[in-house]
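To start, the structure under review is shown below, and the notes come after it.
In the numbering used here, the protein residues as written are -1 to 749.
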């Protein structure tokens, strides 16, 4: 075991590295160094000849994580021959081998290529064309549905082995209890019919999409024992990182692959299961030890965060019921900070964030050291405005600036179309540049919310306006004359809405109404937010878009009439481009808590820690929402800034953790450890004697405290005297003194 000490492995890591055969489950908390343990275990297995490197499979969920594993393995003899793949890449190999053996003759060889993420969109367009040619009964729905939402629905179905037509698949008997029939989302019954057609078009084209790598891969293994035997022989030892994120298809592929040897190690953290709405489930990792009678290991020492983050994160996550009990263990000391700022408004919050970032940059941090983690992108408008004002370059990872988001642009497109109506009323003419702008805006709005207007009808209306120079109200009336009643009524309603909007945009007696009032009335007439919520298969997606609209309406408050507001948005866009256009320039990261998992920064900002946002009021899983905040806090290496609006209830997660009291006690303990006792107040004395154990920091003081031995002994003896005084004055119950408090300090005093 000497070599293990030489590379500074902790006892917890050493136990994992020393595991040879059979199933094993590793609960690895955030920042525990699990990649290091995983790589060191593989290196030892190769070095000692336990398994040939070619028969070891190391897998994680994304190419970036796999690249890190590969790079570290190459530093060890034979490590470059270890198989490192994503689970999707494993599915690709299965389907490719099945095709090579003639089991998937219908598959087009050109489709068997890695990097198939874009193929699903091509397939969607082919399916749309086929649906329109067939004149399916839900054809009108196809003119306005969210493509991304439907593809997410299909991906979730395939990841959880939910078939478009289960009976037609005729799975082997052993596989039938595992798979299931897909069910349409509430309010979107036609999704199932379209899913069936999507699959029919896919089979006819001989395509396999990215999601089919898992579903078809599992199906191949259930049908063809020769391929399964071949793969089992190739993969005698399997290690799976981020196991908390797997779905049913991945779980069952791994189950088949590792039988009967079960040299199978799952590594993950159920407290970081944050993709339940996409098909992941904590039950796969929580039930692993029972399913496989696995040896269970723990990696609880956190090598990323400082004490305030560790303590607050522990106090938050311990309120979840569906979890493996464990705590983050402190190793990195008390130098960092976690602040909970309670501010008067969203604007004040944004200003505070921009000011803190400016200060941090002056102190030597770079923009890439800073991240703003939001629950949803609807939170960003005031933050983006302040970053632009302060000329701080930023990047929205996985999203767009708020003024470019499709759900926001749609309201502005209505205004663009109404302005054309107003132009006709005022001048009776439509200049060419306005005709072009009208066509773009018109085709964005004509079927949102749903009006069951066909593209052909929309084209006729556009021609009436741009070629025949009819006012939009007359163009809509002309189109409705011979239209069926289900189109005629929406056309009349649209004409009424646009006439109202054109009138609202016209100054009355020299004054113009505020942009906020017009936009709110427009949203109310359209019932646009309700439409967004109801037209998504995932509550997360539709509700987030609706919240984005609500945030945009709020952002318009106090920014003058609509022309002034539109000019303001144009200026924001121009200034943002000037500050952030250089791709090589370091930028502050704005991203969601979901996308932040697996990443870390020295300083993290978490806005809107209020009930209704964290947890988000429209999400069903309160425990997943709590995990999200836990993940956000544990992204920071040094400092976390949490923000809450003073006039709204504080997040229940922070209330449960008694966050204000907890952080105040941690500050007192930090002062006690960094100052001399002669200037301590009562708070520092109590913090040293009692709080250290109350927050389960005993192991830090035993194993990781880097103060000189003499100071450790001096403070330990002082803590014992404080505890004796507490007992003398019968304050032990009031201060929640425990027997372990004396035990810790007596142990340290006697070193």
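For every residue, glycine included, the Cβ atom is placed at its ideal position computed from N, Cα and C.
Item: When the Cα atoms are used, what is the spatial distance from residue 650 to residue 613?; Value: 8 Å
Item: Can you tell me which of the three DSSP states residue 643 falls into?; Value: strand
Item: Would you call residue 6 buried or exposed, if buried means 16 or more other Cβ atoms sit within 10 Å of its Cβ?; Value: exposed
Item: For the pair the stretch 27 to 41 and the stretch 280 to 289, tell me if three or more CB-CB distances fall below 8 Å.; Value: no
Item: Kindly give me the distance between the Cβ atoms of residue 292 and residue 23, rounded to whole angstroms, as I take these residues to be in contact under 8 Å.; Value: 4 Å
Item: Give the single residue among 254, 295, 303 and 244 whose Cα lies nearest to the Cα of residue 275.; Value: 244
Item: Classify residue 673 as buried or exposed, calling it buried when 16 or more other Cβ atoms lie within 10 Å of its own Cβ.; Value: exposed
Item: Could you give the residue range of the beta strand (DSSP E) that holds residue 56?; Value: 54 to 58
Item: By Cβ distance, which residues of its chain are closer than 6 Å to residue 547, with the 5 residues on each side in sequence left out?; Value: 405 and 527
Item: Just how far apart, CA to CA, sit residue 730 and residue 722?; Value: 10 Å
Item: Using CA coordinates, which residue listed in 575, 29, 488 and 212 is at the minimum distance from residue 304?; Value: 29
Item: Ignoring anything shorter than 4 residues or poking outside the stretch 496 to 525, list the alpha helix (DSSP H) runs there in chain order.; Value: 513 to 524
Item: Specify, as a first and last residue, the run of the alpha helix (DSSP H) that residue 90 falls within.; Value: 85 to 98
Item: Is the Cβ-Cβ distance between residue 433 and residue 464 less than 7 Å?; Value: yes
Item: So, is residue 615 buried or exposed, given that buried needs 16 or more other C-beta atoms within 10 angstroms?; Value: exposed
Item: Check whether the Cβ atoms of residue 437 and residue 460 lie closer than 7 Å to each other.; Value: yes
Item: Assuming residue 242 and residue 271 make a contact with CB atoms under 8 Å, what is their CB distance in whole Å?; Value: 4 Å
Item: For the candidate residues 366, 520 and 150, whose alpha-carbon lies nearest to that of residue 415?; Value: 520
Item: Pull up the DSSP beta-bridge partners for residue 603, would you.; Value: 370 and 639
Item: Looking at C-beta atoms only, is the number of pairs between the stretch 42 to 58 and the stretch 231 to 238 that lie closer than 8 Å three or more?; Value: yes
Item: Against chain D, with Cβ distances strictly below 7 Å, would residue 495 count as a contact?; Value: Structure shown: chain D not included; a single protein chain is present.
Item: Could you tell me whether the stretch 198 to 215 touches the stretch 82 to 102, where touching means 3 or more Cβ pairs closer than 8 Å?; Value: yes
Item: Please confirm if the stretch 301 to 319 is in contact with the stretch 624 to 632, defined as three or more CB-CB distances below 8 Å between the two stretches.; Value: yes
Item: Under a Cβ-count criterion, where at least 16 other Cβ atoms within 10 Å of its own Cβ denotes burial, should residue 556 be classed as buried or exposed?; Value: exposed
Item: May I have the straight-line CA-CA distance separating residue 695 from residue 328, to the nearest angstrom?; Value: 7 Å
Item: Would you kindly report the start and end of the unbroken beta strand (DSSP E) that includes residue 764?; Value: One cannot answer for residue 764 here, as it falls past the ends of the chain, which runs -1 to 749.
Item: Quick one: any contact between the stretch 382 to 402 and the stretch 573 to 589, if contact means 3 or more CB pairs under 8 Å?; Value: yes
Item: On the CB-based measure, 16 or more other CB atoms within 10 Å of its CB, does residue 608 come out buried or exposed?; Value: buried
Item: Look up residue 81 in the DSSP assignment and say whether it is helix, strand or coil.; Value: strand
Item: For the 8 Å Cβ check, are there 3 or more pairs between the stretch 580 to 589 and the stretch 366 to 379?; Value: yes
Item: Shorter than 6 Å, the distance from the beta carbon of residue 701 to the closest heavy atom of the ligand ADP, or not?; Value: Absence of the ligand ADP is noted for the structure shown, with no ligands found whatsoever.
Item: Do the stretch 701 to 708 and the stretch 685 to 693 make contact, defined as three or more Cβ pairs closer than 8 Å?; Value: no
Item: Taking the alpha-carbon of residue 692 as reference, which of 591, 480, 736 and 279 has the nearest alpha-carbon?; Value: 736
Item: Please give the ranges of any beta strand (DSSP E) in the stretch 317 to 352, keeping only runs that are unbroken, at least 3 residues long and fully inside the region.; Value: 335 to 341
Item: In or out: residue 122 buried (at least 16 other Cβ within 10 Å) or exposed?; Value: buried
Item: Taking the alpha carbon of residue 211 as the point to measure from, which residue in 170, 726, 159 and 223 has its own alpha carbon closest?; Value: 159
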